Amino acid sequence: MPQGSPTQQLVVIGGGMVARRLIDALRSRDEAGTWEVTLLCEEPRAPYDRVALTSYFTGRHPEDLALGGQDLWDDPLVTLRRGVRADRIDRDARTVTTSGGAVLPYDALVLATGSYAAVPPVPGKDLRGAFVYRTIDDVADLRAFVEKRRGELDRPVRGAVVGGGLLGLEAAGALTALDMESTVVEFAPRLMPLQVDDGGGAALKRLIEALGVRVRTSTATSKIVGDRGAVSRMEFGEGPALDVDVVIFAVGVRPRDELARDCGLEVGERGGVLVDDACATADPAVWAIGEVANIGGRCLGLVAPGYTMAEIVADRLLGGAGTFPGADLSTKLKLLGVDVASFGDAFAQEPGGLEVVISDPVAGVYKKLVMSDDARTLRGGILVGDASAYAALRPMVGRELGGDPAAYLLPEGSGPAPVGDLPDDATVCSCNNVSAGAVRCAVTEGGCTDLGGVKACTRAGTSCGSCLPLVKRLVTTELERSGIEVSNALCEHFELSRAQLFDVVRVQGLTTFSEIIAAHGRGRGCDICKPVIGSILASLGTGHILEGERATLQDTNDHVMANLQKDGSYSVVPRIPGGEITPEGLIVIGEVAKDFGLYTKITGGQRIDLFGARIEQLPQIWKRLVDNGFESGHAYGKSLRTVKSCVGSTWCRYGVQDSVGLAIALELRYRGLRSPHKIKLGVSGCARECAEARGKDVGVIATDNGWNLYVGGNGGFTPRHAQLLAEDLDTETLVRAIDRFLMFYVRTADRLQRTAAWVEDHEGGLESIRSVVIDDSLGIGADLDAAMAGHVDGYEDEWAAALADPEKLRRFGSFVNAPDRADDSFAYVAERGQPRPATPEERTSGVLIAGTTLEVRR
Amino acid sequence: MTVDVVTEEPGLALPGWVAVCRVGDLSPERGAAALVGGEQLALFRTHTDDVYAVQQLDPFSGAHVMSRGIVGSRGDAPTVASPMYKQVFDLRTGECLDPAGREPQPLRTWATDVRDGVVHVSRHEVAA
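Which chain is which? The protein sequence lines are A and B, in order. All residue numbers for the first sequence refer to UniProt numbering, where the first residue is 1 and numbers rise by one. All residue numbers for the second sequence refer to UniProt numbering, where the first residue is 1 and numbers rise by one.
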């Protein structure tokens, strides 16, 4: 390595998941900044989650497939060159020539070029309508073609997938998601021949056929026949021909090793750059990782071993001595909604293995464990139809299972899932190579107290997520062991969780805090449980939040129906439904702000916040607002905040639906709905999404045929995009779905749990919530509808009601013994023509321009 | 500003004590701000009708807001939680029971006495 050069140049060729992992690992460990990295990325986008490609068809946008944050690409030591291919490597000069003609010198070069999708040499493979399944562009082209054909044909579009392996079934899932008739054609006698045995293959075939996908095994495709240049029929070695409009080739991948061949690096017999167990080629400056690397005599097409190789090279570049431990080819997938998992010695190839098999065609499951000859040690297994035991079983491979192996195969819920004490060195998350010990350590030494903390700290479960149930159980066990009680208890006064408390209060019809705490708690409550009960009672429609004893439950914001600011003053937000406001309305707000000397700012929710009101001014301010037709905006409550909208089809050249009209209707429907946390909605009038609806708890986006409904989005500390719940709904169906989603959330979420976390934590996730909200799987739809109807009918403006009640107005006095005397502790200075609280330095230096009375700009 | 605002109740005010308000002016399990000897205090009435007086200044935020916190209990201790950053204090002693991740700071406290339905607050704070 050259002396005197402070940073060395690393060039990485190929912008896939493994390349990203390499750069991420290197940058997080190379604190001294010894390597400057350039990534050449042939695709026009940064590395994305190729494993999740099929989700593109269930409404996700290409950006949702992004891996991790943008931070890595903002790192000054990392240069991402998108849409740039490497054309030539000169190993003598140590340079890479790019497709743009640039010559990049390197001290180290990593080949991470991955694979290309193999296309068998059948006649007709180049017709329009023939696709491969590898990149975002592939799936986007497929989708566009299908949509175009659908417009041309007056019958359903028909598709076929050549290849019944993992990728082929993924592709079949894509065709199903596109509402196409589809057939999977596999040359081998069973589906997924590399992962499952005959029994598993048969179970898988039954399950997939039950979903309407036809399966033809032991079938060789001999020809694709075209009609005017487009795919129209497939012919086979034997059996009848098949009329199709689309063919996807998913017969496997081949390493993209041409650059290596061209520069004289050795490649394997069936391709792949030959590397040793350090991922090094024969050239000490060149490494290869991921699918292009031929390691131990084979190329590995899974992301987990690729990640391991990335970590090894990062380690080696920094002087470490990491070696490849051998690949764990375990996989767990959900293909077309069917669970398939295969791990360890799944085919019992090691001599002397015993197989424990449960095959239940009625329940649609096939499960097999391969045990050592004494039936004690787990060697591997196959799970089809129900892979819930995978997370617990996979780390036990090579270890004694303890107990009857069959117990692990019983259906979930039929008994306690036996989770043996995982040894510390057992790998829990194979994507990120996190051991059980590392998870435990994050709790005992890292101070993590929940799943989120452990995920952030160890990265366990942050890639494919299949290990999350196991990680969660480990975290819970470890917390309990450390004496940190993992209970759902709300606080020291209630053993119940918020959701349990909600049910108890609802079912028993309790209406006061005293009743509730006497029956189900102890003590006199606190700042945790009191607002929760105040919120539950409000959600159940028991009347004004300040009525009687309920007033004692409210946080100061709810108590004075305004938002406490840092200096003890409050801000006031009148409701502006959908962000639509008349000039007269604007003038009223402006005049109120002027008369009371308030600082004004437009909020992110398309309304106006007025700051700097003293507690005793709030009724006067609200009298003016209410008299002029405004009502509470509930900016202070854990409740519906706003429904943000774009201008929609009434004005916009591109709008396809009236987004403002719907936003106003939704805001008026859900205004005042108290909930576990704040709720924000958004409505966009077309797919351009100007209302940023997918950043909301409930986002509605107009389509030509109606509305798409997204749920579980938020901004804030952990931004989330909302996920598609249902498509092309008419307005009535949409509103009913939102009613049920919100009411289900209100009833079952934890305290201060926003919808994103609620959806994630919910047993069964989004799918399960969809079945409750759309298909009424729990049979509570009518009940949820009635609850929402009760809310809508029972709505009253809290501020108008308070202004009409002298008893409620009494609490707005500044001092109990001088209700009209202004607090003299406020101090303001002017900035950009408006008041703001004085800083402590400004207070002591006495440069104030206004005291308590806020006589600014008069 | 140093102004005493006293609800004059002749014959009730004792030397060293200020009559502040009627106990009925205070809502159970809520606080109220009061001006006593020119100082802002926070008065609290518990559900057992005990009355406590602490400083209105929240030592953690520097804002005069303690009376607007939620009243509750921790074990046997009657408490108030700061409405600003949620530190919890023992109303009897002003001791900070939960500093919410900050360096604990106590509240100053004043003795109170309810006589004939009138809340009296000592002119002298309880020595820490």
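Glycine included, each C-beta is placed from N, C-alpha and C at the ideal position. Bear in mind the structure is a predicted one, so any value in this text is a computation, not a measurement.
Tell me whether residue i sits in a helix, a strand or coil according to DSSP, three-state version.
| i | result |
| --- | --- |
| Lys678(A) | coil |
| Ala280(A) | strand |
| Asp728(A) | strand |
| residue 861(A) | The first residue shown for chain A is 1 and the last is 858, placing residue 861(A) beyond what the model contains. |
| Val439(A) | helix |
| Gln508(A) | helix |
| Asp609(A) | strand |
| Ile589(A) | helix |
| residue 897(A) | Beyond the ends of chain A as shown, which are 1 and 858, falls residue 897(A); an answer cannot be given. |
| Pro78(B) | strand |
| Asp227(A) | strand |
| Gly655(A) | coil |
| Ala293(A) | strand |
| Glu266(A) | coil |
| Arg399(A) | coil |
| Arg857(A) | At Arg857(A), the pLDDT of 38 sits below 50, so the modelled position is not reliable; the number obtained from the coordinates is stated separately. In this structure, Arg857(A) counts as coil in the three-state DSSP scheme. |
| Thr642(A) | strand |
| Asp360(A) | strand |
| Gly534(A) | helix |
| His791(A) | helix |
| Glu125(B) | strand |
| Tyr570(A) | strand |
| His64(B) | strand |
| Thr844(A) | helix |
Please report the straight-line C-alpha distance between residue i and residue j, rounded to a whole angstrom.
| i | j | result |
| --- | --- | --- |
| Val5(B) | Phe815(A) | Any answer about Val5(B) is weak, because its pLDDT of 47 lies below 50 and its placement is not dependable; what the coordinates show is given next. Taking the straight line joining both Cα atoms gives about 10 angstroms. |
| Leu178(A) | Thr427(A) | 37 angstroms |
| Arg50(A) | Cys431(A) | 14 angstroms |
| Arg524(A) | Asp555(A) | 15 angstroms |
| Val213(A) | Ala52(A) | 21 angstroms |
| Leu474(A) | Gly446(A) | 14 angstroms |
| Thr462(A) | Gln723(A) | 18 angstroms |
| Arg85(A) | Arg94(A) | 17 angstroms |
| Val647(A) | Trp758(A) | 31 angstroms |
| Cys441(A) | Thr476(A) | 13 angstroms |
So, at 6 angstroms on beta carbons, what are the nonlocal neighbours of residue i in its own chain, with the 5 sequence-adjacent residues on each side left out?
| i | result |
| --- | --- |
| Thr263(A) | One detail in the question is off: residue 263(A) reads as Cys in this sequence, not Thr. Closer than 6 angstroms at the Cβ level, and outside the excluded window around Cys263(A), lie Ile89 and Arg91. |
| Ala417(A) | Its pLDDT being 44, under 50, Ala417(A) is placed unreliably in this model, and the value from its coordinates should be taken loosely. Once the five neighbours on either side are set aside, Ala417(A) has no close Cβ partner at all. |
| Lys678(A) | Lys638 and Arg641 |
| Gly14(A) | Ala112, Thr113 and Gly114 |
| Arg459(A) | Asn432 |
| Asp761(A) | none |
What does a CB cutoff of less than 8 angstroms around residue i pick up in its chain, not counting 5 residues either side in sequence?
| i | result |
| --- | --- |
| Leu72(A) | Arg20, Ile23, Asp24, Arg27 and Val78 |
| Gly296(A) | Asp277, Phe324, Gly326 and Ala327 |
Below 8 angstroms on C-beta distance, what does residue i contact in chain E?
| i | result |
| --- | --- |
| His520(A) | No chain E is present in this structure, whose protein chains are A and B. |
Once you ignore the five residues that flank residue i on each side, which residues in its own chain have a CB closer than 7 angstroms to its CB?
| i | result |
| --- | --- |
| Arg720(A) | Gly712, Gly713, Asn714 and Ala756 |
| Gln753(A) | Pro676 and His677 |
| Gly290(A) | Gly16, Val18, Ala112, Gly114, Gly306 and Met309 |
message: If the cut-off is 9 angstroms on Cβ atoms, which residues from the stretch 801-824 of chain A count as contacting chain B, listed in chain order?
response: Arg810, Arg811, Gly813, Ser814, Phe815, Val816, Asn817, Ala818, Arg821, Asp823 and Asp824
Under 8 angstroms (Cβ pairs) to chain B, residues found in the stretch 644-677 of chain A: none
message: Can you pull out the residues from the stretch 548-562 of chain A whose beta carbon lies closer than 9 angstroms to at least one beta carbon of chain B?
response: Glu549, Ala551, Thr552, Leu553, Gln554, Asp555, Thr556, Asn557, His559 and Val560
- prompt: Do three or more CB pairs link the stretch 224-238 of chain A to the stretch 119-133 of chain A at distances below 8 angstroms?
  reply: yes
message: For the pair the stretch 570-582 of chain A and the stretch 657-668 of chain A, tell me if three or more CB-CB distances fall below 8 angstroms.
response: yes
Three or more C-beta pairs below 8 angstroms linking the stretch 369-376 of chain A and the stretch 225-239 of chain A: no
- prompt: Going along the chain, which residues of the stretch 504-529 of chain A sit with their C-beta nearer than 7 angstroms to a C-beta in chain B?
  reply: Gly523, Arg524, Gly525, Cys526 and Asp527
query: Touching or not, the stretch 80-91 of chain B and the stretch 50-58 of chain B, by the rule of three or more beta carbon pairs under 8 angstroms?
result: yes
query: Along the stretch 615-644 of chain A, what residues have a CB closer than 9 angstroms to any CB found in chain B?
result: Ile615
field: chain A contacts made by the stretch 66-79 of chain B, where a contact means CB separation under 8 angstroms
entry: Arg68, Gly69, Ile70, Val71, Gly72, Ser73, Arg74, Gly75, Pro78 and Thr79
Residues in the stretch 563-593 of chain A having any Cβ partner in chain B nearer than 7 angstroms: Leu564, Lys566, Asp567 and Gly568
task: Could you tell me whether the stretch 487-497 of chain A touches the stretch 515-534 of chain A, using the rule of 3 or more Cβ pairs below 8 angstroms?
output: yes
query: Between the stretch 199-207 of chain A and the stretch 93-107 of chain A, are three or more C-beta pairs nearer than 8 angstroms?
result: no
- request: Residues of the stretch 475-496 of chain A with a CB closer than 8 angstroms to any CB of chain B: list them in chain order, please.
  value: Glu492 and His493
query: Contact between the stretch 147-166 of chain A and the stretch 180-199 of chain A: three or more CB pairs below 8 angstroms?
result: yes
message: Taking 8 angstroms as the cut-off, does the stretch 624-635 of chain A touch the stretch 787-798 of chain A (at least 3 CB pairs, one atom from each stretch)?
response: yes
query: Is the stretch 349-366 of chain A close to the stretch 399-409 of chain A, with three or more CB pairs under 8 angstroms?
result: yes
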